[in-house]
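Protein sequence lines correspond, in order, to chains A, B, C and D. Under the working numbering, the residues of the first sequence are numbered 1208 to 1548, in order. Under the working numbering, the residues of the second sequence are numbered 1208 to 1548, in order. Under the working numbering, the residues of the third sequence are numbered 1208 to 1548, in order. Under the working numbering, the residues of the fourth sequence are numbered 1208 to 1548, in order. Here a beta-carbon is modelled for each residue, glycine too, at the ideal position from N, C-alpha and C. None of these values were measured; they are calculated from a predicted model.
Protein chains: 4
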Amino acid sequence: MISFKCDYAEGAHPEILRRLAETNFQQADGYGFDPYTESARRKILAACGCPDGEVYLLVGGTQTNATVIAALLHSTEGAVAVETGHIGVHEAGAVEYTGHKVLTIPSHDGKMDPAELEDYLRTFEADEARDHMVFPGLVYLSLPTEYGTVYTRAELLAIREVAHRHGLCLYVDGARLGYALASPAVDFTLADMKDLCDVFYIGGTKVGALCGEAVVFPKGAPKRFFTTVKQHGALVAKGRLLGVQFDTLFTDDLYGRISRNAIDRAQELIAVLNEKEIPFYMESPTNQQFVILENERIERLAAAGIFCEVWIIKDAAHKVVRFATSWATTSEQIRALAAAL
Amino acid sequence: MISFKCDYAEGAHPEILRRLAETNFQQADGYGFDPYTESARRKILAACGCPDGEVYLLVGGTQTNATVIAALLHSTEGAVAVETGHIGVHEAGAVEYTGHKVLTIPSHDGKMDPAELEDYLRTFEADEARDHMVFPGLVYLSLPTEYGTVYTRAELLAIREVAHRHGLCLYVDGARLGYALASPAVDFTLADMKDLCDVFYIGGTKVGALCGEAVVFPKGAPKRFFTTVKQHGALVAKGRLLGVQFDTLFTDDLYGRISRNAIDRAQELIAVLNEKEIPFYMESPTNQQFVILENERIERLAAAGIFCEVWIIKDAAHKVVRFATSWATTSEQIRALAAAL
Amino acid sequence: MISFKCDYAEGAHPEILRRLAETNFQQADGYGFDPYTESARRKILAACGCPDGEVYLLVGGTQTNATVIAALLHSTEGAVAVETGHIGVHEAGAVEYTGHKVLTIPSHDGKMDPAELEDYLRTFEADEARDHMVFPGLVYLSLPTEYGTVYTRAELLAIREVAHRHGLCLYVDGARLGYALASPAVDFTLADMKDLCDVFYIGGTKVGALCGEAVVFPKGAPKRFFTTVKQHGALVAKGRLLGVQFDTLFTDDLYGRISRNAIDRAQELIAVLNEKEIPFYMESPTNQQFVILENERIERLAAAGIFCEVWIIKDAAHKVVRFATSWATTSEQIRALAAAL
Amino acid sequence: MISFKCDYAEGAHPEILRRLAETNFQQADGYGFDPYTESARRKILAACGCPDGEVYLLVGGTQTNATVIAALLHSTEGAVAVETGHIGVHEAGAVEYTGHKVLTIPSHDGKMDPAELEDYLRTFEADEARDHMVFPGLVYLSLPTEYGTVYTRAELLAIREVAHRHGLCLYVDGARLGYALASPAVDFTLADMKDLCDVFYIGGTKVGALCGEAVVFPKGAPKRFFTTVKQHGALVAKGRLLGVQFDTLFTDDLYGRISRNAIDRAQELIAVLNEKEIPFYMESPTNQQFVILENERIERLAAAGIFCEVWIIKDAAHKVVRFATSWATTSEQIRALAAAL
């Protein structure tokens, strides 16, 4: 079986498992007060070019979004996101569960348009009844987006400028941040993130870790964020599990290297799909490719032990499907797909 | 360094790490739809003697308590716990964060008294203004308790009977359930749990896993519990991480065997403490031992590289400290402690 | 000064004040256990044709929506509303504050289209990832809508049928219900409401009362709704204040009679606006009329002591404004407006 | 029938009804932007000696407590109250519903002891695990307490000092504030409140109004408190209802005068109870008197049409009952009680 369904089909990068085994019996304090977490934090802040910032290691993406957003917003505020933003669609209302509204504006292949954001915020501010409304409190965007698309430095700066002009901060959901940064379409690096947004997280779960997301606050975390993390059930007793993983990912740029593998394999995948004249649903420069396949073809692939993920039922005979590569994808798997197509 | 501070100072049982490595590149679906989770569930239900029940694997204890309690309670209901109950003290108000009150009754070395529970529920029901109050919706207890004490079968049945008579269910926080079941003071087995309470969880984090708690609903889970788990940020994308761990723990009764190690070492520890005539703060038949130490002695131990956890500052010269054994504790470590004392 | 800004510019119908004064020193129990509330409930249920239903008297609209919706939904569910629905726009996120998402579909002059509702619910049900999403739990609509438009019996039945087919209930926000029922465009009566939706409220604040909204549960209220009301801070100690008002409004159909005054005056208002060739922004058969006025004209009216409410800034020279009539509006006021235009 | 059950058995002071009728047809803007509310605010701030403070008019006590407490606390914080504090007992968990824990310390006839508060806060601060706990964020007390007892200026200052020393603010629930200030046992005035606590509310519902509580923020309200009030469903469209009432209560010190009536009648009541040698359950210098009555006597009184409220079932033959006087109680009613006893 070969699965292209998602980028979390395997366990962890072997180096992570090796380090977990190697450190297994070294006793350490809990709740993130272990030396591995300490080291991971230092390395992440160094990689991000903000040594005086703060890093918190949480377990998963929905948890991270809900916890960070609740910590950043006033109770009368909501998070502005595009309609396809993950927090507003596939997180089971975790943000609303904390009492905050997700305010939506249009999505363009998953991306936010700074001019539309400006329009929205102006309209809000011009509303006579705005004191009866949820105030926009932060701008949320995912990088890459839910459709694998990315923002350029100029685009992020434009969104950030709009956000700041209206008193909002910009929060970037980087569940797959590595795959954006490794993409040829992205003209900035991890060290630039601190200048392109106010808070972001570096996704581990989908980029080689068993679990874990590293939230980076370049200018320091909100008040009592440790306790907020605990209150959200997001604090793990064996913080070493997260510490060892991120320490490994940020040693010798393992995170960057394995992210590039996903992008390189995605380029091979795109070549195969083009060669087979399979129509793309949307162009994506990262590790997720959305194409339109005939139902039979999906079935034939499945019969050959190759799987992709159904995204949208297009019509009676076609589906939009996702092929995802990851840190673990091999050229051999891509060749097997080519053969099966 | 030797730490007796807690039972989560090491990583995982080596067999877990071995299995994680062994299965690492087998691709699997996410969110708990992997074969390891499926197998773990089956084995857990078999061990619990309720093959038709349901099992959910979550990450940590506070998260599990908040998610399960919110799922079990009506919005007007709260959870009844003793004053020292973990949910009311050291979970940063995670239960209240979901909108529910923790209703407290007295604690006796960490334990709940069924007669006092009965009194409380009767007083509540006799209150003319009870419709203006939070209704008791479930009884929460931890096994072992926060002080390492345990309940006998008869005691649990008595509490359960009171709870049921008043229409409440009984939920058992088993963060260290293995250490209770392995204790000579406990006269029941894991397979009896389904008859002694309504819902419980089997703690992994403190009993050999890197993370993970297995919630067992002997008679089926509450409505849409999967989505509730997601909403609480408690659903991990790589469900295999939890699946492999619990599958390993419930193969050849590894969970039971490593739990017994903690209890055997605790017996050795008690012998050492008695031999040194160190006064106990409280008797505990499980893996946590609370004793009263002079400050100097704590410092001397620390100087010798041996650590215990300060629990309460007793007076200017003494502290109540905790020595915890675990699945990983060795007789050699106990002997080192004996030497240092 | 004459204000057409809203339908809550005056106090209460004089008969209500008379009854409040008349009963003032009759001692009564609090929290709705007074004879006036009891009588009001009976009269309302009789008027609604569901003597076995239940009625709860709350204070205001936002409060009522948040309380009722939270009581009707499971924690994983949200309320489906059109984009202009009051709960999603001008209630400061009160519904989200209780943890529930407002799920939006398009608005057509404030109205919901049953076919679009069906599409939305089908798309949701066809989504492979729906267990990661907020489940639609109820359909919310306002009658009249925020734009003064109304639904016919057939339209409501169509929406209700869609809702029921997908397992949702239909909740009608009747903040101005009297003005809908009194409209010539509405082909049903208060007694039909029980057959057209599952829960609704009869607005008092905007229809002659000082405050108060009567929630009608034709088939009985949700579990412990009294306590839920208390928990939401919506229970008034002097329940008599609400009881006397609704008892008065439902004596000799005062509610219906004063509602008709608003509609009759609205017809006169429409005639005046047509006569002056003022363009309508939208047709409304109830007490709120939305027209497009030049900024100067708005200013001239204001100079003459006549006020309308700015709704939308249309362009540099024009605004969409609302003229509202109410139970208290007089023909003399309409004539004064005609003269000033 | 004569009811001594509570202080909200009648409607409103006749002057309030007169003013409501007098102003009834004066059109005014909604949501507190009417001239009556404006005038009420000014008068209240003048009476409180803090002309630069802010006043918000809400509807009821539970609502006010939940809204103000949520606005004052950080999400990781709770409110410290005595065990009998209203927010922790008879408000249906409204505070927890907003996500905040009520932290309790012992009650002494309903009162908080500053030394115990100090102890509690110190213990909390000395707890090694305090980052895993709910932080005390404010001190809540009611004046008079739930048992009619009061604090002296020195006692309040002592509590406030402890609170401030630990970084907490002091919030006073003044549902019956008038009855405290009118009591001979209280050595301060309304104008002193700003120096004795940080935020307080002046109860209207139980002191002559139909409904309404005036929250006073001597140093300004929390960020966007208006929207917070709306979000809690506590904003009334016809703000004039609250405005006219408080404007009337604070004209010519009506609030003070009618509060004194309750206290004068309570003194007469105490005299009668003493004369009849009825044992007091607790001494109270305000309008609520708690005594121990034989069940038969309660029944005999009821048969004579005189009612008191059962507070606690003391034993098989006796109950603790409450006799409350109010702004509306007459000497004639007290004499009728004397006759019936």
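If we define contact as Cβ-Cβ less than 7 Å, is G1306 of chain C a contact residue for chain A? If you number the third sequence from 1, residue 1306 of chain C lands on position 99. Yes, contact with chain A.
Within chain C, the residues that E1335 of chain A reaches when beta carbons sit closer than 9 Å: Here residue 1335 of chain A refers to the residue found at position 128 of the first sequence. For E1335 of chain A, the C-beta contacts it makes with chain C under 9 Å involve E1516, V1517, W1518, in order along the chain.
For E1516 of chain D, count neighbouring C-beta atoms within 10 Å of its own C-beta (all shown protein chains included) and say buried if the count is 16 or more, exposed if not. To locate residue 1516 of chain D, count along the fourth sequence from 1; it is residue 309. Looking at its Cβ environment, which holds 16 or more other Cβ atoms inside 10 Å, E1516 of chain D is buried.
Any idea if G1374 of chain B is buried or exposed, counting beta-carbon neighbours within 10 angstroms, 16 or more meaning buried? Counted from its first residue, the second sequence places residue 1374 of chain B at position 167. Exposure of G1374 of chain B is indicated by the presence of fewer than 16 other C-beta atoms within 10 angstroms of its C-beta.
Just mark D1380 of chain B as buried or exposed, buried being the case when its beta carbon has 16 or more other beta carbons within 10 Å. To locate residue 1380 of chain B, count along the second sequence from 1; it is residue 173. The residue is buried, with at least 16 neighbouring Cβ atoms inside 10 Å.
What's the C-alpha gap between I1541 of chain A and P1391 of chain A? The residue you call residue 1541 of chain A lines up with position 334 of the first sequence. The residue you call residue 1391 of chain A lines up with position 184 of the first sequence. Cα to Cα, I1541 of chain A sits roughly 20 Å from P1391 of chain A.
In chain order, what residues of the same chain have a beta carbon less than 7 Å from the beta carbon of A1278 of chain A, not counting five sequence neighbours either side? Taking the first sequence and counting its residues from 1, the one referred to as residue 1278 of chain A is at position 71. Cβ within range, chain order: P1429, F1432, T1435.
What does the alpha-carbon distance come out to for the pair V1289 of chain D and L1442 of chain D? Looking up residue 1289 of chain D in the fourth sequence gives position 82. Looking up residue 1442 of chain D in the fourth sequence gives position 235. Here the C-alpha atom of V1289 of chain D lies approximately 29 Å from the C-alpha atom of L1442 of chain D.
Neighbour-count burial assignment, H1371 of chain A, 16 or more Cβ in a 10 Å radius: One-based indexing of the first sequence puts residue 1371 of chain A at position 164. So H1371 of chain A ends up on the exposed side.
Does the distance from the C-beta atom of V1296 of chain B to that of G1300 of chain D stay below 7 Å? For the purposes of this step, residue 1296 of chain B is taken as the residue at position 89 of the second sequence. For the purposes of this step, residue 1300 of chain D is taken as the residue at position 93 of the fourth sequence. Not a contact, by the Cβ cut-off of 7 Å.
Taking DSSP's pairing of strands, which residues face F1530 of chain C in a bridge? Taking the first residue of the third sequence as 1, we reach residue 1530 of chain C at position 323. F1530 of chain C pairs with C:Q1496.
Does DSSP put F1219 of chain B in a helix, in a strand, or in coil? Translated into positions along the second sequence, residue 1219 of chain B becomes position 12. The sequence given here has Ala at residue 1219 of chain B, not Phe. Coil.
Once DSSP output is grouped into helix, strand and coil, what is the label at F1331 of chain C? The count along the third sequence starts at 1 and reaches residue 1331 of chain C at position 124. It is helical.
Within the continuous alpha helix (DSSP H) that includes V1302 of chain A, where are the two ends? Within the first sequence, residue 1302 of chain A is the residue found at index 95, counting from 1. Looking at the DSSP string, the run of the alpha helix (DSSP H) that includes V1302 of chain A is 1301 to 1304.
Contact check, I1223 of chain A vs T1455 of chain A, beta carbons under 7 Å: Taking the first residue of the first sequence as position 1, residue 1223 of chain A is located at position 16. Taking the first residue of the first sequence as position 1, residue 1455 of chain A is located at position 248. Yes, the Cβ-Cβ distance between I1223 of chain A and T1455 of chain A is below 7 Å.
Within this structure, are the beta carbons of R1360 of chain B and D1316 of chain B separated by less than 7 Å? The residue labelled residue 1360 of chain B in the question sits at position 153 within the second sequence. The residue labelled residue 1316 of chain B in the question sits at position 109 within the second sequence. No, these two residues do not count as a Cβ contact at 7 Å.
Let me know if N1468 of chain C comes out buried or exposed under the rule of 16 or more other beta-carbons within 10 Å of its beta-carbon. Reading the third sequence from its first residue, position 261 is the one you call residue 1468 of chain C. Around the beta carbon of N1468 of chain C, 16 or more other beta carbons sit within 10 angstroms, so the residue counts as buried.
Drop a sphere of 10 angstroms on the beta-carbon of P1221 of chain C, count the other beta-carbons inside from all chains shown, and report buried for 16 or more, exposed for fewer. One-based indexing of the third sequence puts residue 1221 of chain C at position 14. Around the beta carbon of P1221 of chain C, fewer than 16 other beta carbons sit within 10 angstroms, so the residue counts as exposed.
Ranges of the alpha helix (DSSP H) found wholly within the stretch 1335 to 1392 of chain B, counting only runs of at least 4: Scanning the stretch 1335 to 1392 of chain B from its first residue to its last, the whole alpha helix (DSSP H) runs of 4-plus residues come out as 1360 to 1372, 1384 to 1388.
To the nearest angstrom, how far is it from the Cα of L1265 of chain B to the Cα of H1439 of chain B? Looking up residue 1265 of chain B in the second sequence gives position 58. Looking up residue 1439 of chain B in the second sequence gives position 232. Cα to Cα, the separation comes out at about 10 Å.
Examine chain A for any beta-carbon lying closer than 7 Å to the beta-carbon of D1338 of chain D, and answer yes or no. In the fourth sequence, counting from the first residue as 1, residue 1338 of chain D sits at position 131. Residue contact with chain A for D1338 of chain D: present (Cβ-Cβ distance below 7 Å to some residue of chain A).
Please name the residue, chosen from A:G1512, A:A1510, A:A1473, A:N1502, that lies closest to Q1496 of chain A on a Cα-to-Cα basis. As a working mapping, residue 1496 of chain A is identified with position 289 in the first sequence. The residue with the shortest Cα to Cα distance from Q1496 of chain A is A:A1473.
Given a cut-off of 7 Å, decide if E1353 of chain D and T1274 of chain D are closer than it, judged by their beta-carbon atoms. Locating residue 1274 of chain D in the fourth sequence gives position 67, where the first residue counts as 1. Locating residue 1353 of chain D in the fourth sequence gives position 146, where the first residue counts as 1. No, the Cβ-Cβ distance between T1274 of chain D and E1353 of chain D is not below 7 Å.
So, does the CB of A1273 of chain B fall closer than 7 Å to a CB anywhere in chain A? By 1-based counting over the second sequence, the position of residue 1273 of chain B is 66. For A1273 of chain B, the answer is yes, since a Cβ of chain A falls inside 7 Å of its Cβ.
Please list the partners that E1303 of chain D has in chain B, where partner means a Cβ-to-Cβ separation under 8 Å. Locating residue 1303 of chain D in the fourth sequence gives position 96, where the first residue counts as 1. Simply G1285, E1303, G1306, H1307, K1308, V1341.
Looking at the structure shown, is V1275 of chain D part of a helix, part of a strand, or coil, going by DSSP? Locating residue 1275 of chain D in the fourth sequence gives position 68, where the first residue counts as 1. When DSSP states are grouped into helix, strand and coil, V1275 of chain D belongs to the helix group.
Proximity of C1213 of chain C and A1531 of chain C at Cβ, strictly below 7 Å: On the third sequence, residue 1213 of chain C is found 6 positions in, with the first residue counted as 1. On the third sequence, residue 1531 of chain C is found 324 positions in, with the first residue counted as 1. Cβ atoms of C1213 of chain C and A1531 of chain C: closer than 7 Å.
Residues in its own chain within less than 6 Å of G1450 of chain D by CB, not counting five upstream and five downstream? The residue given as residue 1450 of chain D occupies position 243 in the fourth sequence. So the qualifying residues of the chain are D1241, Y1243, T1244, A1247.
Under a Cβ-count criterion, where at least 16 other Cβ atoms within 10 Å of its own Cβ denotes burial, should K1426 of chain B be classed as buried or exposed? Residue mapping note: residue 1426 of chain B aligns to position 219 of the second sequence, counting from 1. Looking at its Cβ environment, which holds fewer than 16 other Cβ atoms inside 10 Å, K1426 of chain B is exposed.
Cβ pair L1548 of chain C, V1528 of chain C closer than 7 Å: In the third sequence, counting from the first residue as 1, residue 1548 of chain C sits at position 341. In the third sequence, counting from the first residue as 1, residue 1528 of chain C sits at position 321. At a Cβ-Cβ threshold of 7 Å, L1548 of chain C and V1528 of chain C do not count as neighbours.
Once the 5 residues before and after E1325 of chain C are set aside, which same chain residues still bring their CB inside 7 Å of it? Residue numbering aside, residue 1325 of chain C sits at position 118 when the third sequence is read from its first letter. The answer, listed in chain order, is V1369.
What do you get for P1258 of chain B, buried or exposed, if any count of 16 or more other CB atoms within 10 angstroms of its CB means buried? For the purposes of this step, residue 1258 of chain B is taken as the residue at position 51 of the second sequence. With fewer than 16 other Cβ atoms within 10 Å, it is exposed.
Just reading off the alpha helix (DSSP H) that M1400 of chain A is part of, what are its end residues? For the purposes of this step, residue 1400 of chain A is taken as the residue at position 193 of the first sequence. That run of the alpha helix (DSSP H) goes 1400 to 1403.
Classify S1491 of chain C as helix, strand or coil using the three-state DSSP reduction. As a working mapping, residue 1491 of chain C is identified with position 284 in the third sequence. DSSP places S1491 of chain C in coil when its eight states are reduced to three.
For a contact meaning CB atoms closer than 7 Å, what does T1435 of chain C contact in chain B? Along the third sequence, read from residue 1 onward, the residue named residue 1435 of chain C stands at position 228. Contact annotation for T1435 of chain C against chain B: S1282, T1283 [CB-CB distance below 7 Å, chain order].
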